[in-house]
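Participant: According to the UniProt record's numbering, the sequence shown holds residues 1 to 249 in order.
Glycine included, each C-beta is placed from N, C-alpha and C at the ideal position.
There's a structure below that I have some questions on.
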Amino acid sequence: MGRKYGRLCIGRPGACFRVKPRSSSFGSSGQKAEFLCNNNKKSSSSVGGVSSEEFSMIKDDHDGDHDDIEDEKSGNKIMVVVDSNLDEAKGALDWALSHTVQTQDTLVLLHVSKPSTQGANSNAKVNNLRATELLHSMKNNCQRKRPGVKVEIEMLQGKERGPIIVEAAKRQRVSLLVLGQKRKKSVWWSLMKKITRWTTRNNGKRWRDIAEYCIENAACMTIAVRRKNRKLGGYLITTKRHKNFWLLA
């Protein structure tokens, strides 16, 4: 029998690619995101609109190991990063709950804060308290929407948030990592950021933001999510191979 392949279609006529799956769960474990674009609907960025029915997390069953059976019973572990931008965090969580989380899965809400200095201990305590309240509020929201899903909270501190998030996902053996994606700024702002604030380095490479760093360096499948505007609706999805796919809700 031939090997199974996922199918990936991009909204431009004739631009279709066949994608070979890795294994039997998300990302490095094998569960791939299949983006099927509707050629009758096109976005302004020449990427076809994708309906929620056409977007599916597909699981390849050609590697029938005992680990696969155990994963089906225990479910996947999905990590959602909750940062200071509430809209981005809520957008990422809402997308995860509606498109990826299943009843048997475990959802981890991760918040990474900067370490406090001696002169800013009081502000750090206030920020930590707010972060704790936000995480518990989001946890309660998850349990209301998906009662069978186990929700965990993890709070970490560190200067370099990207490496900390990647390491936390690896330590927790996460199958899927979801982050909020920042909205595009003006051309002038983007140009100045490239010149003056292209900051984080890793092996001689510079990273524009935390989501990009995690997408490139995480061992598991990583997705950056941003809500589309209210008029068009849906989400913009960015992965390691695909940028700003428009997913209709």
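Between Thr106, Ala131 and Asn85, which lies nearest to Leu176 when the distance is taken from Cα to Cα?
Facilitator: When only C-alpha atoms are compared, the closest one is Thr106.
Participant: Residue range of the alpha helix (DSSP H) that Glu167 falls in?
Facilitator: Here the alpha helix (DSSP H) through Glu167 covers Arg161 to Arg171.
Participant: My understanding is that Thr100 touches Ile78, with C-beta atoms under 8 Å, so please give their C-beta distance in whole angstroms.
Facilitator: Confirmed, Cβ separation roughly 6 Å.
Participant: What is the DSSP secondary structure of Thr103, counted as helix, strand or coil?
Facilitator: Looking at Thr103 - three-state DSSP - the assignment turns out to be coil, as it is neither helix nor strand.
Participant: For Lys77, which three-state DSSP category applies?
Facilitator: Looking at Lys77 - three-state DSSP - the assignment turns out to be strand.
Participant: Cβ atoms of Val178 and Asn217: under 8 Å apart, would you say?
Facilitator: No, the pair does not count as a contact, with Cβ atoms beyond the cut-off.
Participant: Would you decide whether Glu133 is buried or exposed? Buried here means 16 or more other CB atoms lie within 10 Å of its CB.
Facilitator: When all chains shown are included, Glu133 counts as exposed.
Participant: Can you check which of these residues, Pro115, Asn123, Val80 and Asn127, is closest to Lys139 by C-alpha distance?
Facilitator: Closest by alpha carbon: Val80.
Participant: Buried or exposed: where does Thr238 fall if 16 or more other Cβ atoms within 10 Å of its Cβ makes it buried?
Facilitator: Looking at its Cβ environment, which holds 16 or more other Cβ atoms inside 10 Å, Thr238 is buried.
Participant: Are there 16 or more other CB atoms within 10 angstroms of the CB of Leu86, so buried, or fewer, so exposed?
Facilitator: The residue is exposed, with fewer than 16 neighbouring Cβ atoms inside 10 Å.
Participant: Just to confirm my understanding: we take Trp95, look at its own chain, exclude 5 residues before and 5 after, and list those with CB closer than 6 Å. What are they?
Facilitator: Only Val225 and Tyr235 meet the Cβ criterion.
Participant: Spatial neighbours of Glu88 within its chain, please: C-beta separation below 6 Å, excluding the five flanking residues on both sides.
Facilitator: Result list for Glu88: Gly180, in chain order.
Participant: Of all Cβ atoms in chain C, is any one closer than 8 Å to the Cβ of Val80?
Facilitator: No chain C is part of this structure, which consists of one protein chain only.
Participant: Within the continuous alpha helix (DSSP H) that includes Ala219, where are the two ends?
Facilitator: Ala219 -> no alpha helix (DSSP H), and no H or E assigned at all.
Participant: Is it buried or exposed, Asp71, if we count other Cβ atoms within 10 angstroms and call 16 or more buried?
Facilitator: Residue placement at Asp71 is poorly supported in this model, since its pLDDT is 49, which falls under 50; the coordinates still yield a value, given next. Buried, by the Cβ-count rule.
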